[in-house]
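Notes follow the structure.
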Amino acid sequence: MTAVERQLVVAVEGTAAMGPYWSTIVADYVEKIVRNFCASELPGQKLAGAPPELALVVFHTHGPYSAFGVQRSGWTKDTDAFLSWLSGISFSGGGFSEASTCEGLAEALTILQGSPNTTTQSHQNHEAQKHCILVTASNPYPLPTPVYRLPTQSTDHKENIESSKEPSIADAETVAKSFAQCSVSLSVISPKQVPTLKAIYNAVILSLVLDLNLRLFPFSDSFSSFINLLMYCTNF
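Note that my numbering has the sequence shown beginning at 20, numbered continuously upward.
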């Protein structure tokens, strides 16, 4: 992967718990991040190469009463089209149920890893060019669930990471740790104080695989009145 290739996946909880907050989150945060990410020029720096690729993952509640757990889009380089996808998300169901955050994060990581064949990542690249934004308002389902293609360290080459072809049993925190192993930055936005989201974010911070230079920003008056948790990667 060259320095000019950039990819961003936005993983959104699609339950009714997120619905009342979504339009403001998009307007005040996500749209600004996306447009900045897709800008052809930054202050003092002209970015060469192809436009960044964008993809969307929508996850819902966990369990048999959910019509579907996770939906995903393909890649697009059209910023306006991607923003229209974000505006078109339909929020329903959920209530007091826990969200399929683990499956949503795993799907985002699968998209960002690309080919289903075994891939390797160098730990020497500290400037991650692959990013994920998690936007959620509910507690993640706490028990481990089956997910696919979590990275495992090669026994032959310690600097390489292999994608497992077999299903793994993992929770959201375990999947979050895999982001660092794959050189993918993870940012979190939530309209509520959800302690388990801090644990997920800290799992990336405390990973010994990569120093992703992450910072935590709890609620303050400088944010929109309802945004209680904003945690983002400064490599963005």
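Idealized CB from N, CA, C, for every residue including glycine.
Subject >> Cβ neighbours of T95 in the same chain (closer than 6 Å, five flanking residues each side left out) >> reply: As a position in the sequence shown, residue 95 is number 76, starting the count at 1. Excluding residues within five positions, the ones whose Cβ falls inside 6 Å are L73 and F101.
**OP:** To the nearest angstrom, report how far apart S141 and Q200 are at their CA atoms.
**Re:** Numbered from its first residue, the sequence shown carries residue 141 at position 122. Numbered from its first residue, the sequence shown carries residue 200 at position 181. Here S141 scores only 39 on pLDDT, less than 50, and its place in the model should not be relied on; the value that follows carries that caveat. Here the C-alpha atom of S141 lies approximately 9 Å from the C-alpha atom of Q200.
Original post:
Under a three-way DSSP split, which group does C201 fall into?
Top reply: For this step, residue 201 is matched to residue 182 along the sequence shown. C201 sits in coil when the DSSP states are folded into three classes, being neither helix nor strand.
Subject >> alpha helix (DSSP H) segment containing L128, residue limits >> reply: In the sequence shown, residue 128 corresponds to position 109, counting from 1. L128 -> alpha helix (DSSP H) spans T120 to Q132.
Subject >> Alpha-carbon to alpha-carbon, S204 and V228 >> reply: Numbered from its first residue, the sequence shown carries residue 228 at position 209. Numbered from its first residue, the sequence shown carries residue 204 at position 185. For V228, the pLDDT reaches just 35, beneath the cut-off of 50, and the residue's location in the model is therefore unreliable, although a value from the coordinates is still provided. Our two residues, V228 and S204, have alpha carbons roughly 12 Å apart in a direct line.
Original post:
Can you tell me where the beta strand (DSSP E) with F56 in it begins and where it stops?
Top reply: For the purposes of this step, residue 56 is identified with residue 37 of the sequence shown, where counting begins at 1. Where F56 is concerned, there is no enclosing beta strand (DSSP E), although the alpha helix (DSSP H) it sits in stretches over E50 to F56.
Subject >> Cβ distance (whole Å) where E32 is taken to contact A118 below 8 Å >> reply: In the sequence shown, counting from the first residue as 1, residue 32 sits at position 13. In the sequence shown, counting from the first residue as 1, residue 118 sits at position 99. Confirmed, Cβ separation roughly 5 Å.
Original post:
What residue does the beta strand (DSSP E) around T164 start on, and which one ends it?
Top reply: For the purposes of this step, residue 164 is taken as the residue at position 145 of the sequence shown. Run containing T164: T164 to V166, per the beta strand (DSSP E) assignment.
Subject >> Residues bridged to L27 [DSSP beta-bridge criterion] >> reply: Indexing the sequence shown from 1 puts residue 27 at position 8. Its beta-bridge partners are L73 and H150.
Original post:
So L75 packs on W104, CB below 8 Å; how close in whole Å?
Top reply: To locate residue 75, count along the sequence shown from 1; it is residue 56. To locate residue 104, count along the sequence shown from 1; it is residue 85. 5 Å between Cβ atoms; contact.
Original post:
Is it the case that the CB of G93 approaches a heavy atom of the ligand COA more closely than 7 Å?
Top reply: Only the bare structure without any ligand can be found here, which leaves the ligand COA out of the picture.
**OP:** Compare the Cα-Cα distances from I152 to each of L169, A46 and V53 and report the closest residue.
**Re:** Locating residue 152 in the sequence shown gives position 133, counting from the first residue. Minimum Cα distance to I152 is reached at V53.
Subject >> Separation of N221 from S209, as counted between CA atoms >> reply: Working through the sequence shown from its first residue, we reach residue 209 at position 190. Working through the sequence shown from its first residue, we reach residue 221 at position 202. The alpha-carbon atoms of S209 and N221 are separated by roughly 15 Å.
Original post:
Are the beta-carbon atoms belonging to T80 and S116 less than 8 Å from one another?
Top reply: As a working mapping, residue 80 is identified with position 61 in the sequence shown. As a working mapping, residue 116 is identified with position 97 in the sequence shown. The criterion of a C-beta distance shorter than 8 Å is satisfied by T80 and S116.
Original post:
What did DSSP end up calling T95 once you bin it into helix, strand or coil?
Top reply: As a working mapping, residue 95 is identified with position 76 in the sequence shown. Looking at T95 - three-state DSSP - the assignment turns out to be strand.
Original post:
Beta-carbon separation of C124 and A195 under 8 Å?
Top reply: Residue numbering aside, residue 124 sits at position 105 when the sequence shown is read from its first letter. Residue numbering aside, residue 195 sits at position 176 when the sequence shown is read from its first letter. Contrary to the premise, residue 124 reads as Leu rather than Cys in this sequence. Cβ distance < 8 Å, so L124 and A195 count as in contact.
**OP:** For the beta strand (DSSP E) holding S187, just list the boundary residues, first then last.
**Re:** The sequence position of residue 187 within the sequence shown is 168, counting from 1. Unbroken beta strand (DSSP E) run through S187: S187 to A189.
Original post:
If you count every other CB in all the chains shown that lies within 10 Å of the CB of E24, and 16 or more means buried, which is it?
Top reply: Here residue 24 refers to the residue found at position 5 of the sequence shown. Classification for E24: exposed.
**OP:** Look at Y167 and T120 and say whether their C-beta atoms are less than 8 Å apart.
**Re:** The residue you call residue 167 lines up with position 148 of the sequence shown. The residue you call residue 120 lines up with position 101 of the sequence shown. Not a contact, by the Cβ cut-off of 8 Å.
Subject >> Test item: CB-CB of S157 and A30 under 8 Å >> reply: The residue given as residue 157 occupies position 138 in the sequence shown. The residue given as residue 30 occupies position 11 in the sequence shown. Result no, Cβ atoms of S157 and A30 do not sit closer than 8 Å.
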